[in-house]
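Residue numbers (the numbering used here): 34 to 130.
Even for Gly, the Cβ is constructed at its ideal location relative to N, Cα and C.
Just so you know, these numbers come straight off a predicted model, no measurement behind them.
What follows is a single structure, written as structure tokens, with notes after it.
The following block contains the structure:
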């Protein structure tokens, strides 16, 4: 995957040596210190430091906080079902508006 990113940057004429950061989700495949993509990019540029994606981390925290409260889980499940139902049809979406 790192080779794909490096090739893409090269195709866009972006010099990896000028990059100063990289951010991905917290999956080991991406953020792993020894074999993850962050390490492979660091091999090309020691200044491209890895910073975990704050939005992804915040989402995990929020999800964990909500999961401990069954009434919140039920509420958000119903909201998701309603959204799925109405967004599945332009007619239903128009009725909702």
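Item to check | Where residue 69 falls, given that 16 or more other Cβ within 10 Å makes a residue buried | outcome: buried
Item to check | Three-state secondary structure assigned by DSSP to residue 54 | outcome: strand
Checklist entry - Do the region 77-85 and the region 48-57 meet, that is, are 3 or more Cβ pairs less than 8 Å apart? => result yes
Checklist entry - How would you call residue 111, buried or exposed, if buried means at least 16 neighbouring beta carbons within 10 angstroms? => result exposed
Item to check | Alpha-carbon spacing of residue 107 relative to residue 127, whole angstroms | outcome: 26 Å
Item to check | Continuous alpha helix (DSSP H) stretch holding residue 95: start and end | outcome: 87-100
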